[in-house]
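Chemist: Next up is a structure, given as structure tokens.
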DNA sequence: TTGTAGGCGTTATCAT
DNA sequence: ATGATAACGCCTACAA
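Residue numbers (this note's numbering), protein chains in the order written: chain A, -14 to 323; chain B, -14 to 323.
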């Protein structure tokens, strides 16, 4: 590609305007407020557009209007099953309004999140959506300097300044405790995520342990080795726990990947689930219903979070900032494993 | 004369330049070619940047340099397990070079793909990456008009003009046929995807049927109802097939979601797998190893596709276009189910 | 090594 | 309803 001179041969608004015999402003209006353009001109412009294959340059438009049609979002894992419904709902709502959604994964790493936020800020986004309320100091100060509307999702902490759209992870732990206690289990262990940096899992754990003991149960926690993939970590955890002198009657895993590992390890080891050991997960991943026994799990309001966040962003952009935090609820999905 | 300026109060290159006592060009160089800036100036600029929290506006930069640092990619499903490794590898490679990756899902719908491509073209991307070689006529003509480097992934068809990075779906069908035949199965059925528009699944099916019969086997095909989710479609398909007068000895599902449904339906119905019916999937989704019996599947080179595509894009941008298509191979992962 | 002039493709603003 | 003009924030080209 030898593009010595800039913008040579490129089809621009001016090209179309000339072909249609109007000024470039009319072409601009044709795209942004068609009803304000004479019908005959509209037809001529449409023809010129079709003939040239002209596509408006959004970067230039955003620059000129100081209203970039970009919204950026950072999630722990774009491809993971948990955030999928959030992403879909959020993207769908914003793309319908003509916004482009910029996505990045943080992999539960504050450095990666910081990097993504810095890159995003360069695009002068109309809004920024983060996951959880834990960020590096540098991220916080960048966000403070940039005057960009910000939402934090998958968490709920009304004291914080950025608007929150999510749920309380402590409450999830408490829900799990209540559920397991109600099913008759009195000795239970919470297995944390092997991915360090998942602060939310720690909160679920604390909520669980506290609530379970308050109910008169005996709660423990297990920390897998960080070098293991979640599925393998879950396997190892379950086997280690069941070999103890006084094994738990129920295990609450920080997510469904871990839980699936536990489930399979139990099956292979001849440990009956839920007879000898009940298993509860978190996330309600699509495969939870595919397992045998099917996996009981706690389902986060993933789609609702995406919808609410999108609504908030659009309101904020439109100027009518009804910036109220939204507290949503998780739901225990009881299946066979617990 | 109008004092109502548009970007008032915004921190720009000029703000930093003034603070550092240099011209804005020097600030520009500070970011793009730091080694060409006097060390003392560098320090002063760094201080000014830190003080103001300045972040260069990438849209403006791209506009001015006619070298937008954006690359766009359309996949059938951002959040699905299949394309995850491709996405990750691709994004990682390009973000390392300072590019932003714009993502969209087509959900196997050519209209949605067309919409995404149109939106992307507006950002004047440095390159465009699509999945499969099937696009709407309008998409094709837009792509022809826009002079944007284009790669097609997850397919391989060297006759086509856009560079291909992927594998032959026919060959996957043939691999499945050879595998099942070698394991002794002589009557087998291919179950198509319930999502219409998945042309690749159809190609796998055709490759399978042809090869399986060439080997002396008896091949059939089953088309699930479009209204069913993949998992449920898989369940229904297996039950329907096994109720036939002469049920298949093996079933090859178009993807692992369908296969998981088949596996579970068999278990619930007391049909032994692989004893009464072997099950083979495609995609090697992460949960394949979590199922009981574990799911045999064909693993696509998802990560390699992402890496190759990224390499090609970077070469193309750099000008040294070694635009060779890359044919990669899938691998049969034999587990318990077949 | 640094600065000046001008333009990238679009839209806000004001005038007709 | 339409057009002329001046930004938007940055970078290429060239001059100093």
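Just so it is clear, CB atoms sit at the ideal spot from N, CA and C, and this is done for glycine as well.
1. Is there a Cβ from chain B that is less than 8 Å from the Cβ of residue 41 of chain A?
2. From this set, A/67, A/29, A/273 and A/297, which residue's C-alpha is nearest residue 0 of chain A's C-alpha?
3. Quick one: is residue 129 of chain A buried, meaning 16 or more other Cβ sit within 10 Å of its Cβ, or exposed?
4. Suppose the cutoff is 7 Å on Cβ atoms and the five residues either side in sequence are ignored; what does the same chain contact list for residue 62 of chain A look like?
5. Whole angstroms are fine: how far does the CA of residue 312 of chain B sit from the CA of residue 54 of chain A?
6. Identify whether residue 312 of chain B lies in helix, strand or coil by the three-state DSSP scheme.
7. Which bits of chain B does residue 268 of chain A rub up against, with CB to CB less than 9 Å?
8. Between which two residues does the alpha helix (DSSP H) carrying residue 115 of chain B extend?
9. Let me check understanding here. Comparing Cα to Cα, which of A/215, A/-2 and A/174 lies closest to residue 198 of chain A?
10. Could you name the residues of chain B that residue 63 of chain A contacts, counting a contact when the two beta carbons are closer than 9 Å?
11. What's the gap between the Cα of residue 44 of chain A and the Cα of residue 46 of chain B?
12. Below 9 Å between beta carbons is the criterion; list the residues of the segment 127 to 138 of chain A that meet it against any residue of chain B, in chain order.
13. Suppose you measure from the CA of residue 118 of chain A to the CA of residue 88 of chain B; what does that come to, to the nearest Å?
14. Can residue 172 of chain B and residue 234 of chain B be called in contact, C-beta distance under 8 Å?
15. Less than 8 Å between the CB atoms is what I'm expecting for residue 265 of chain B and residue 161 of chain B, so what's the real figure, rounded?
16. Do you know offhand how far residue 7 of chain A's Cα is from residue 41 of chain B's?
17. Looking only at DSSP bridge pairs, what is residue 267 of chain B linked to?
18. Using a threshold of 8 Å, state whether the C-beta atoms of residue 248 of chain B and residue 258 of chain B are closer than that.
19. Closer than 9 Å, Cβ to Cβ, to anything on chain B: give me those residues from the segment 90 to 111 of chain A, in chain order.
20. Can you tell me whether residue 150 of chain B is buried or exposed? The criterion is at least 16 other CB atoms within 10 Å of its CB, across all chains shown.
21. Where does residue 195 of chain A fall in DSSP's three states?
22. Would you list the residues sitting across from residue 177 of chain B in a DSSP beta bridge?
23. Using a Cβ cut-off of 9 Å, which residues of the segment 236 to 269 of chain B contact any Cβ in chain A, in chain order?
24. Since residue 135 of chain B sits in a beta bridge, which residues does DSSP pair it with?
25. Can you tell me which of the three DSSP states residue 9 of chain B falls into?
26. Helix, strand or coil for residue 87 of chain A? Go by DSSP, reduced to three states.
27. Apart from the five residues on each side of it in sequence, which residues of its chain come closer than 7 Å, Cβ to Cβ, to residue 300 of chain B?
28. Residues of chain A with CB under 9 Å from residue 277 of chain B, in chain order?
29. According to DSSP, is residue 261 of chain B helix, strand or coil?
30. Closer than 8 Å by C-beta to residue 56 of chain B: which residues in its own chain qualify, once you throw out the five before and the five after it? Chain order, please.
31. Within 8 Å of any Cβ in chain A, is that where the Cβ of residue 53 of chain B sits?
32. Which stretch, first to last residue, makes up the alpha helix (DSSP H) that contains residue 246 of chain A?
33. Can you tell which of A/180, A/104 and A/116 has its C-alpha closest to the C-alpha of residue 212 of chain A?
Modeler: With the structure as the only source:
1. As a first step, residue 41 of chain A is located in the first chain; it is residue number 56 there, counting from the start. Chain B, which has a Cβ nearer than 8 Å to the Cβ of residue 41 of chain A, makes this yes.
2. If you number the first chain from 1, residue 0 of chain A lands on position 15. Closest option to residue 0 of chain A, Cα to Cα, is A/29.
3. Indexing the first chain from 1 puts residue 129 of chain A at position 144. Residue 129 of chain A is exposed by the Cβ-count criterion.
4. For this step, residue 62 of chain A is matched to residue 77 along the first chain. If we look at residue 62 of chain A and ignore the five residues flanking it on each side, its Cβ neighbours are 68, 90 and 92.
5. Within the first chain, residue 54 of chain A is the residue found at index 69, counting from 1. Within the second chain, residue 312 of chain B is the residue found at index 327, counting from 1. For residue 54 of chain A and residue 312 of chain B, the distance between alpha carbons rounds to 38 Å.
6. What you label residue 312 of chain B is simply residue 327 of the second chain in a count that begins at 1. If DSSP states are grouped into helix, strand and coil, residue 312 of chain B belongs with the strands.
7. Position 283 of the first chain, counted from the first residue, corresponds to residue 268 of chain A. Per Cβ cutoff of 9 Å: no residues; residue 268 of chain A is ~13 Å from chain B at best.
8. By 1-based counting over the second chain, the position of residue 115 of chain B is 130. Here residue 115 of chain B belongs to no alpha helix (DSSP H); instead the beta strand (DSSP E) covers 112 to 116.
9. Position 213 of the first chain, counted from the start, is the residue given in the question as residue 198 of chain A. Measuring from the Cα of residue 198 of chain A, the nearest candidate turns out to be A/174.
10. The count along the first chain starts at 1 and reaches residue 63 of chain A at position 78. Within chain B, the residues near residue 63 of chain A are 63, 64, 69, 72, 73, 76 and 88.
11. Mapped onto the first chain, residue 44 of chain A falls at position 59. Mapped onto the second chain, residue 46 of chain B falls at position 61. Looking at the two C-alpha atoms, the distance is approximately 10 Å.
12. 127, 129, 130, 131 and 132
13. Stepping through the first chain from its first residue, residue 118 of chain A is reached at position 133. Stepping through the second chain from its first residue, residue 88 of chain B is reached at position 103. The alpha-carbon atoms of residue 118 of chain A and residue 88 of chain B are separated by roughly 25 Å.
14. Numbered from its first residue, the second chain carries residue 172 of chain B at position 187. Numbered from its first residue, the second chain carries residue 234 of chain B at position 249. Yes; because the gap between Cβ atoms is below 8 Å, this pair is in contact.
15. In the second chain, the residue the question calls residue 265 of chain B occupies position 280. In the second chain, the residue the question calls residue 161 of chain B occupies position 176. Indeed they touch by this definition, with Cβ atoms about 6 Å apart.
16. Within the first chain, numbered from 1, the residue matching residue 7 of chain A stands at position 22. Within the second chain, numbered from 1, the residue matching residue 41 of chain B stands at position 56. So the two alpha carbons sit approximately 35 Å from each other.
17. Numbered from its first residue, the second chain carries residue 267 of chain B at position 282. B/283.
18. Within the second chain, residue 248 of chain B is the residue found at index 263, counting from 1. Within the second chain, residue 258 of chain B is the residue found at index 273, counting from 1. In this structure, residue 258 of chain B lies closer than 8 Å to residue 248 of chain B by Cβ.
19. 90, 100, 101, 103, 104, 105, 106, 107, 108 and 109
20. Along the second chain, one-based indexing puts residue 150 of chain B at 165. The residue in question, residue 150 of chain B, is buried, as its Cβ has 16 or more Cβ neighbours within 10 Å.
21. To locate residue 195 of chain A, count along the first chain from 1; it is residue 210. In the structure shown, residue 195 of chain A sits in a helix (DSSP, three-state: H, G or I).
22. Here residue 177 of chain B refers to the residue found at position 192 when the second chain is read from its first residue. According to DSSP, which records beta bridges pairwise, residue 177 of chain B is partnered with nothing at all.
23. 242, 245, 246, 248, 249, 252 and 253
24. Here the question's residue 135 of chain B lines up with position 150 in the second chain. Looking at the DSSP assignment, residue 135 of chain B forms a beta bridge with B/113.
25. To locate residue 9 of chain B, count along the second chain from 1; it is residue 24. Of the three classes helix, strand and coil, the one that applies to residue 9 of chain B here is helix, per DSSP.
26. Taking the first residue of the first chain as position 1, residue 87 of chain A is located at position 102. Residue 87 of chain A: strand per DSSP, three-state reduction.
27. In the second chain, the residue the question calls residue 300 of chain B occupies position 315. So the list reads 306 and 307, once near-sequence residues are dropped.
28. Numbered from its first residue, the second chain carries residue 277 of chain B at position 292. The contacting residues are 248, 249, 252, 253, 276 and 277.
29. Taking the second chain and counting its residues from 1, the one referred to as residue 261 of chain B is at position 276. Residue 261 of chain B: coil per DSSP, three-state reduction.
30. Taking the first residue of the second chain as position 1, residue 56 of chain B is located at position 71. So the list reads 79, 84, 85, 86, 87, 110, 111, 112, 113, 114 and 298, once near-sequence residues are dropped.
31. Along the second chain, read from residue 1 onward, the residue named residue 53 of chain B stands at position 68. Judged by the 8 Å Cβ criterion, residue 53 of chain B is in contact with chain A.
32. The count along the first chain starts at 1 and reaches residue 246 of chain A at position 261. Residue 246 of chain A -> alpha helix (DSSP H) spans 241 to 254.
33. What you label residue 212 of chain A is simply residue 227 of the first chain in a count that begins at 1. Closest option to residue 212 of chain A, Cα to Cα, is A/180.
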